[in-house]
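In this text, residue positions in the sequence shown follow the numbering used here: the first is 1, and each later residue adds one.
Input: a single structure, listed below in structure tokens.
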Amino acid sequence: MPELPEVELVARALDGLVGSRRVVAAKLLRAGLAPGTPPAAFARRLRGRRIERVTRRGKHVLFEFERELVLIAHLRMTGRFLLLPLEAELPKHTHALFYLDDERRLVFSDQRHFGMMKLVCAAELSHTKELRLLAPEPFSGDFTPDYLRATFARTRRTLKETLLDQTKVTGLGNIYAAEALFLARINPFRPAAEVSTRRLPRLHRAILEVFDESITHGSTLNVDPENIDGSYYDGGFNGRWRVYGREGEPCLACRVPIRRITHAGRSTYFCPRCQRT
Ligand SMILES: [Zn+2]
Numbered sequence: 001m002p003e004l005p006e007v008e009l010v011a012r013a014l015d016g017l018v019g020s021r022r023v024v025a026a027k028l029l030r031a032g033l034a035p036g037t038p039p040a041a042f043a044r045r046l047r048g049r050r051i052e053r054v055t056r057r058g059k060h061v062l063f064e065f066e067r068e069l070v071l072i073a074h075l076r077m078t079g080r081f082l083l084l085p086l087e088a089e090l091p092k093h094t095h096a097l098f099y100l101d102d103e104r105r106l107v108f109s110d111q112r113h114f115g116m117m118k119l120v121c122a123a124e125l126s127h128t129k130e131l132r133l134l135a136p137e138p139f140s141g142d143f144t145p146d147y148l149r150a151t152f153a154r155t156r157r158t159l160k161e162t163l164l165d166q167t168k169v170t171g172l173g174n175i176y177a178a179e180a181l182f183l184a185r186i187n188p189f190r191p192a193a194e195v196s197t198r199r200l201p202r203l204h205r206a207i208l209e210v211f212d213e214s215i216t217h218g219s220t221l222n223v224d225p226e227n228i229d230g231s232y233y234d235g236g237f238n239g240r241w242r243v244y245g246r247e248g249e250p251c252l253a254c255r256v257p258i259r260r261i262t263h264a265g266r267s268t269y270f271c272p273r274c275q276r277t
């Protein structure tokens, strides 16, 4: 599942590839992808409309169209965008199609059917169900150690669970949560409310650092328009994680073997020495 850095990179790539293109025609091939918008309305509202830019909020990609219309897209597990020449064969699980004015088609394919799209007026964007409850963007001025302190004080859950809750902290998933906690040297299973004031700035800094280094690294990769997401997932960053996926391998800081514990249904990787408390 893509986390904030991958979604950011996909949005940037899409912005470069289709930003300012006009949608000549749009087709919703699997109605369940956009439950709030029947296929006929999907086609009618997008036809002839120019994409002004592609941005991101949380793990949602936002296609901002002219005349105040926004298409929200969530990739979830297997959703991906491909920009294909007209004559290219469509991938097997094509669920939405956008014919562009440059003789190419932007395709949304999704093997597992968990992806989501929704059309909203720009004015309603921040009130829409998907975005309304999201925590502040990590790179915004609202995301501060004080914000974390206030948020953690109100929960009885563990740090790891709290970091994965998009209404508490936006953009972290299983990988970056593990990486940030390792970098901050904090135990994932500790109740969030008990993290000391001294450690909060360290965790705050670690979250920004793991996001930033992944986005920075991803920005250097060549993007294949026909496999946009594939250029990033597990990113070009695969194999470079500090702790994620490294069970039994030596900790990069202290050489003690990394442990993996299944916690709240997800694998949690951590160093039993560096992250003892
Ligand atoms: Zn260690």
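Quick reminder that beta carbons are idealized off the backbone N, C-alpha and C, glycines included.
Model, not experiment: these values are computed from the prediction.
| N- and C-terminal bounds of the alpha helix (DSSP H) containing proline 201 | Start at 1 with the first residue of the sequence shown, and residue 201 comes out as number 201. Counting along the chain, the alpha helix (DSSP H) containing proline 201 begins and ends at 200-219.
| query | Out of curiosity, what's the CA-to-CA distance linking lysine 92 and serine 109? | reply | The count along the sequence shown starts at 1 and reaches residue 92 at position 92. The count along the sequence shown starts at 1 and reaches residue 109 at position 109. Roughly 8 Å between the two C-alpha positions.
| query | Which whole-angstrom value is the C-beta distance of leucine 183 and arginine 242, which I expect to be below 8 Å? | reply | The sequence position of residue 183 within the sequence shown is 183, counting from 1. The sequence position of residue 242 within the sequence shown is 242, counting from 1. Their Cβ separation, rounded to whole angstroms, is 7 Å, which keeps leucine 183 and arginine 242 in contact under 8 Å.
| For phenylalanine 152, which residues from the same chain have a beta carbon less than 7 Å from its beta carbon, with the 5 sequence-adjacent residues on both sides left out? | By one-based count along the sequence shown, residue 152 stands at place 152. Hits under 7 Å: Thr162, Ala192, Ala193, Val195.
| Considering only C-alpha positions, which residue in the set Arg45, Val54, Leu148 is nearest to proline 136? | Within the sequence shown, the letter at position 136 stands for residue 136. Measuring from the Cα of proline 136, the nearest candidate turns out to be Leu148.
| By Cβ distance below 8 Å, which residues in the same chain neighbour threonine 94 in space, the five residues on each side in sequence not counted? | Start at 1 with the first residue of the sequence shown, and residue 94 comes out as number 94. Excluding residues within five positions, the ones whose Cβ falls inside 8 Å are Leu29, Val107, Phe108, Ser109.
| query | Under a Cβ-count criterion, where at least 16 other Cβ atoms within 10 Å of its own Cβ denotes burial, should proline 38 be classed as buried or exposed? | reply | If you number the sequence shown from 1, residue 38 lands on position 38. Exposed, since its Cβ has fewer than 16 Cβ neighbours within 10 Å.
| request: Go ahead and pull the three-state DSSP assignment for valine 223. | output: The sequence position of residue 223 within the sequence shown is 223, counting from 1. Coil.
| request: Determine the direct distance from the alpha carbon of glutamate 64 to that of isoleucine 51, and round the result to whole angstroms. | output: Within the sequence shown, residue 51 is the residue found at index 51, counting from 1. Within the sequence shown, residue 64 is the residue found at index 64, counting from 1. The alpha-carbon of isoleucine 51 is positioned some 6 Å away from that of glutamate 64.
| message | Taking the alpha carbon of valine 23 as the reference point, which residue from Arg57, Leu71, Leu46, Met116 has its own alpha carbon closest? | response | In the sequence shown, the residue the question calls residue 23 occupies position 23. It is Leu46.
| request: To the nearest angstrom, report how far apart asparagine 227 and lysine 168 are at their CA atoms. | output: On the sequence shown, residue 227 is found 227 positions in, with the first residue counted as 1. On the sequence shown, residue 168 is found 168 positions in, with the first residue counted as 1. Between asparagine 227 and lysine 168, the C-alpha separation is close to 32 Å.
| said: In this structure, how does DSSP classify glycine 16 when only helix, strand and coil are distinguished? | reply: Locating residue 16 in the sequence shown gives position 16, counting from the first residue. Residue state, collapsed to three classes: helix.
| field | CA nearest to the CA of tyrosine 232, picked from Val54, Arg57, Phe81, Ala26 | value | Here residue 232 refers to the residue found at position 232 when the sequence shown is read from its first residue. Residue Phe81 is the option with its Cα nearest to tyrosine 232.
| query | Just how far apart, CA to CA, sit leucine 14 and alanine 43? | reply | One-based indexing of the sequence shown puts residue 14 at position 14. One-based indexing of the sequence shown puts residue 43 at position 43. Between leucine 14 and alanine 43, the C-alpha separation is close to 20 Å.
| query | What's the gap between the Cα of phenylalanine 139 and the Cα of arginine 57? | reply | Your numbering for residue 139 matches position 139 in the sequence shown. Your numbering for residue 57 matches position 57 in the sequence shown. In a straight line, the C-alpha of phenylalanine 139 is about 11 Å away from that of arginine 57.
| request: Return the bridge partner residues of glutamate 64 from the DSSP annotation. | output: In the sequence shown, the residue the question calls residue 64 occupies position 64. Per DSSP, Arg53, Val70.
| query | Whose beta carbon lies closer than 6 Å to any heavy atom of ligand 1, going through the chain in order? | reply | Cys251, Ala253, Cys254, Val256, Cys271, Arg273, Cys274
| CA-to-CA distance, phenylalanine 189 to glycine 245, given in whole angstroms | The count along the sequence shown starts at 1 and reaches residue 245 at position 245. The count along the sequence shown starts at 1 and reaches residue 189 at position 189. Using only the alpha carbons, I get a separation of about 18 Å.
| message | With the cut-off set at 9 Å, would you say glycine 115 and leucine 71 are in Cβ contact? | response | Here residue 115 corresponds to residue number 115 of the sequence shown, with the count starting at 1. Here residue 71 corresponds to residue number 71 of the sequence shown, with the count starting at 1. For glycine 115 and leucine 71, no; Cβs fall outside 9 Å.
| said: Which runs of the alpha helix (DSSP H) at least 4 residues long sit entirely within the segment 127-181? Give them in chain order. | reply: Whole alpha helix (DSSP H) segments, 4+ residues: 129-132, 145-153, 159-164.
| field | Any non-hydrogen atom of ligand 3 closer than 8 Å to arginine 255 Cβ | value | Within the structure as shown, ligand 3 is missing, the only ligands being ligand 1.
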